[in-house]
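J.: Residue numbers for the sequence shown, in the working numbering: 32 to 629.
Where is the CB? At the ideal position from N, CA and C, for every residue including glycine.
Remember, it's a predicted structure, so these values are computed and weren't measured experimentally.
One structure, as structure tokens, below. Some questions next.
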Amino acid sequence: MSRPQSISPLQVLYQAFPDAVRFVHGQITRVRTIVSSRGDREDPLSGLVRRSLARRILVELQRRYQHDTDLAARRVLRRNAAGSSAAVGALPQPEPDFVLPDGFDAFLENPSAESTGGTDNSTPSQPQLPAEGDISLIEVDEDAIVRTRVFPRTVHCQRCGHFFLLDPSNVPSTLGCPCCRQSMLRVEPIIFVCGRCGDMRELVPPLERRGDMRRPGMAEHALGAATVCPDCGRGHVHLEKHGTNQVAQWEWRCTARCGYQIVLQQRCLRCALPSAGDAQGSVIFMNAVPASAPNALQSLVHQEMYVNNRPVDPVTLHAAAREAVTRRMSDAFLVDIADREQAPADSLDNEALATLRNACIARAFLVGGVSAVTVAYGYKPGNAAAHPQSRVAPDERLATLFGDPEGYSRFRAFSHSTIGSALVLQFDPVRVLERLGLDSTSTLEDVLAQESASISSREVRDLLTTEGQSIRAYRALHAVEHALLNAAMRQIGSETLGARLFPATATVVLFEKSSVGRGGVIQLVNGGAGLVQLVEAARDLTLGCAQGCADGCPTCAYVARDQYCVHPLDELGAAWLPANILLSRRGAAAILSEEYTS
32 MSRPQSISPL QVLYQAFPDA VRFVHGQITR VRTIVSSRGD REDPLSGLVR RSLARRILVE
92 LQRRYQHDTD LAARRVLRRN AAGSSAAVGA LPQPEPDFVL PDGFDAFLEN PSAESTGGTD
152 NSTPSQPQLP AEGDISLIEV DEDAIVRTRV FPRTVHCQRC GHFFLLDPSN VPSTLGCPCC
212 RQSMLRVEPI IFVCGRCGDM RELVPPLERR GDMRRPGMAE HALGAATVCP DCGRGHVHLE
272 KHGTNQVAQW EWRCTARCGY QIVLQQRCLR CALPSAGDAQ GSVIFMNAVP ASAPNALQSL
332 VHQEMYVNNR PVDPVTLHAA AREAVTRRMS DAFLVDIADR EQAPADSLDN EALATLRNAC
392 IARAFLVGGV SAVTVAYGYK PGNAAAHPQS RVAPDERLAT LFGDPEGYSR FRAFSHSTIG
452 SALVLQFDPV RVLERLGLDS TSTLEDVLAQ ESASISSREV RDLLTTEGQS IRAYRALHAV
512 EHALLNAAMR QIGSETLGAR LFPATATVVL FEKSSVGRGG VIQLVNGGAG LVQLVEAARD
572 LTLGCAQGCA DGCPTCAYVA RDQYCVHPLD ELGAAWLPAN ILLSRRGAAA ILSEEYTS
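Following this line, the structure appears as structure tokens:
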């Protein structure tokens with residue numbers, strides 16, 4: 032199916048990536064692939080993007096490698112233990128490769144090549160940094176097509192409980208229930224998702240018993256007809272909901288009442304670790320969620336910005352702005368508060384400069400020709416996949432990387448690029464520390480390094496409620512970034528702007544996410560008058576928040592239009608953090624106004 036025209040390329044990357052579940056014309060579907068008319072990117076910028084992306088991919092491969100190495104080691108231990116028992120005449124032991132914790136027999140599944148971008152890693156090898164040729168970079172434009180398939184295929188009779196999976200190649204002429212013949216079959220949208228590896232499964236009745244557990248049923252083997260009861264072979268399996276929407280109370284039951292009666296519960300065998308020696312087994316209970324749950328899978332997104340074919344950082348941005356001023360290019364703008372000699376005499380008056388200085392701004396300038404590239408290269412399980420009995424730490428979530436179905440490369444990534452202008456605001460690091468009441472004998476970079484270590488060692492649940500002086504520098508700067516972005520979009524009457532924070536240098540970059548000509552950041556600055564208006568609006572936004580909210584959840588600094596705000600993960604030392612986390616309205620207000628008292 033073609034995606035609706037209302038979906039932008041960025042929405043495709045965040046919401047319609049391969050394996051994502053989404054509505055198409057009122058029907059729940061699962062994305063198979065994305066087809067773009069522009070094909071593989073081969074421009075000079077794409078090489079820079081691939082090299083940057085390769086480092087992200089390597090991190091995820093290493094995390095998968097650690098998991099698979101642990102799995103292989105445990106299998107060896109179990110195999111050796113079984114061999115020793117057999118040598119002394121002990122009773123025959125179950126095949127160790129197929130034994131999971133709690134004494135139940137089941138088949139362990141290896142991650143597929145599609146999941147890892149490589150081959151079956153039953154004997155894992157140390158991952159290497161992917162080469163540029165290993166990554167196929169597909170540019171997504173407005174004409175891109177998202178190909179989907181109906182998902183889930185499960186149908187259920189509310190009256191008698193009849194259940195089976197539709198066969199897309201042989202769809203029945205009617206959805207009347209073939210069992211009770213008095214009701215209609217309806218799509219059952221509940222699926223199971225693993226909170227560690229993101230495996231997503233349709234409801235399928237379990238089959239014959241093996242040890243203390245039943246062998247999981249396979250969806251591809253259950254299409255088109257109800258599952259025959261594996262115990263008696265006479266009846267077939269119904270789904271009994273007992274008049275409730277709580278999946279924990281649903282049951283599979285044989286129509287012949289032979290005793291086959293099982294509560295709906297699945298354990299993920301794709302990423303299961305068997306117990307071995309002193310090591311406890313680790314099997315994840317898959318969480319039952321609606322297929323359309325938006326947070327079941329979280330797109331892995333990498334954002335990079337470039338100017339003059341160089342990765343953006345405060346130094347390269349400032350150099351580009353100085354060059355534009357030197358060449359007297361149209362709309363060039365640069366104000367250096369710390370060095371009054373570099374501030375154009377006719378740019379801002381003393382009152383305007385005082386306003387910027389009061390907001391701790393040391394330098395502000397415009398940069399043209401900034402390319403912003405957003406890349407989706409895989410996904411991880413999101414918050415909705417977490418099961419209350421199987422907590423998975425963010426750094427233990429395994430990524431599924433997009434493989435190339437045509438086999439021309441190991442990995443496939445989807446990108447969207449924009450080129451436009453950017454407004455850069457650099458804050459005075461020394462004054463920022465003073466305003467926040469932090470150790471002024473340290474540098475901002477040192478303070479953020481300490482906060483990065485704190486972020487990496489704490490649980491996301493704890494970070495969500497962080498307040499007070501904890502991680503104050505990053506949270507305050509992050510809130511400043513959001514407040515400036517909110518104020519900027521209100522000021523120009525457009526949502527075409529994005530923001531990026533360089534915390535170590537206290538730099539905020541507001542950039543254009545689409546081609547808007549002079550209606551973007553150039554209009555925002557408006558020769559300097561608009562810049563002062565922007566800073567005042569951001570200050571008033573943080574000072575006058577009507578919600579009276581706590582630092583951990585500031586309404587004024589929450590960017591609802593940019594819910595996928597991407598943290599500078601390399602600097603934070605964290606692998607994954609939710610959007611709009613780690614914000615301090617009070618810290619932002621202290622930076623933007625010397626009159627603020629917390």
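Could you tell me the alpha carbon to alpha carbon distance between Arg195 and Val268, rounded to whole angstroms?
T.: The residue you asked about is not Arg; residue 195 is Phe in the sequence shown. Cα to Cα, the separation comes out at about 9 Å.
J.: Report the option in Ser204, Asp344, Leu623 whose CA atom is closest to the CA atom of Ala535.
T.: Comparing Cα-Cα distances from Ala535 to each of Ser204, Asp344, Leu623, the minimum goes to Asp344.
J.: Assuming contact is defined by CB atoms lying nearer than 8 Å, are Ala403 and Met336 in contact in what I supplied?
T.: yes
J.: Could you please give me the residues that DSSP links to Phe337 through a beta bridge?
T.: A small fix is needed here, since residue 337 is Tyr in this sequence, not Phe. According to DSSP, Tyr337 bridges with Pro342, Ser402.
J.: Check Asp367 in the structure and name its three-state DSSP category.
T.: Looking at Asp367 - three-state DSSP - the assignment turns out to be strand.
J.: Is Gly561 helix, strand or coil when you go by DSSP?
T.: Residue state, collapsed to three classes: helix.
J.: Could you tell me which residues DSSP puts in a beta bridge with Cys299?
T.: Ile315
J.: What residues in its chain sit with their C-beta under 6 Å from that of Glu271, if we drop five residues either side in the sequence?
T.: Gly192, Glu282, Arg284
J.: Exposed or buried, what is His252 when buried is set at 16 or more other beta-carbons lying within 10 Å of its beta-carbon?
T.: exposed
J.: Who pairs with Glu282 in a beta bridge, going by DSSP?
T.: Glu271, Val294
J.: Is it buried or exposed for Gln457, if we count other Cβ within 10 angstroms and need 16 for buried?
T.: buried
J.: Rounding to the nearest angstrom, what Cα-Cα distance links Ala620 and Gln46 in this structure?
T.: Rounded to the nearest angstrom, the two C-alpha atoms are 34 Å apart.
J.: Alpha carbon to alpha carbon, what distance is there between Val314 and Tyr408?
T.: 27 Å
J.: How many Å lie between Ser483 and Ser615 at the Cα?
T.: 16 Å
J.: Hey, how far is the Cα of Leu44 from the Cα of Ser330?
T.: 7 Å
J.: In angstroms with no decimal places, state the Cα-to-Cα distance between Ile222 and Leu295.
T.: 11 Å
J.: Suppose you measure from the CA of Val55 to the CA of Pro199; what does that come to, to the nearest Å?
T.: 17 Å
J.: Thr527 and Gly551 look like a contact to me (Cβ under 8 Å); what is the Cβ gap, rounded to whole Å?
T.: 6 Å
J.: Taking C-beta to C-beta, are Leu555 and Leu516 nearer than 8 Å?
T.: no
J.: How is Met360 classed by DSSP in three states: helix, strand or coil?
T.: coil
J.: Give me, in chain order, the residues of the same chain whose beta-carbon lies closer than 6 Å to that of Leu254; leave out the 5 immediate sequence neighbours on both sides.
T.: Leu196, Asp198
J.: Tell me which same chain residues have a C-beta within less than 6 Å of the C-beta of Val563, skipping the five on either side of it?
T.: Taken in chain order, the residues that qualify are Ala383, Thr386.
J.: So, at 8 Å on beta carbons, what are the nonlocal neighbours of Ile450 in its own chain, with the 5 sequence-adjacent residues on each side left out?
T.: For Ile450, where only same-chain residues beyond five positions count, the Cβ hits under 8 Å are Gly400, Val401, Ser402, Ala403, Ser546.
J.: Three or more C-beta pairs closer than 8 Å, one from the region 92-99 and one from the region 417-437: is that the case here?
T.: Yes, the region 92-99 is in contact with the region 417-437.
J.: Taking the beta strand (DSSP E) that Ile169 belongs to, which residues open and close that run?
T.: 166-170
J.: With burial defined as no fewer than 16 other Cβ atoms inside 10 Å of the residue's Cβ, what is the status of His273: buried or exposed?
T.: exposed
J.: Can you give me the start and stop residues for the beta strand (DSSP E) that Thr386 sits inside?
T.: Thr386 -> not in any beta strand (DSSP E); alpha helix (DSSP H) instead, spanning 381-389.
J.: So the candidates are Ile166, Ala424, Leu206; which of them puts its Cα closest to the Cα of Phe712?
T.: The structure shown does not extend to residue 712, since the chain is modelled only from 32 through 629, so no value can be given for it.
J.: Could you work out which residue in Glu354, Val320, Ala287 is closest to Gln277 when comparing CA atoms only?
T.: Val320
J.: Do Leu574 and Val491 have their beta-carbon atoms positioned less than 8 Å apart in this structure?
T.: The beta carbons of Val491 and Leu574 sit no closer together than 8 Å.
J.: With burial defined as no fewer than 16 other Cβ atoms inside 10 Å of the residue's Cβ, what is the status of Val107: buried or exposed?
T.: exposed
J.: So, does the region 391-400 touch the region 299-315, judging by three or more C-beta pairs under 8 Å?
T.: no
J.: Return the chain-ordered list of same chain residues with a C-beta closer than 7 Å to the C-beta of Thr179, the five sequence neighbours on each side being excluded.
T.: Counting only Cβ-Cβ distances below 7 Å, and skipping sequence neighbours, we find Met32, Val55, Thr60, Arg61, Val62, Arg63.
J.: Evaluate Ser156 with the Cβ neighbour count: other Cβ atoms within 10 Å of its Cβ, from every protein chain shown; 16 or more gives buried, anything less gives exposed.
T.: exposed
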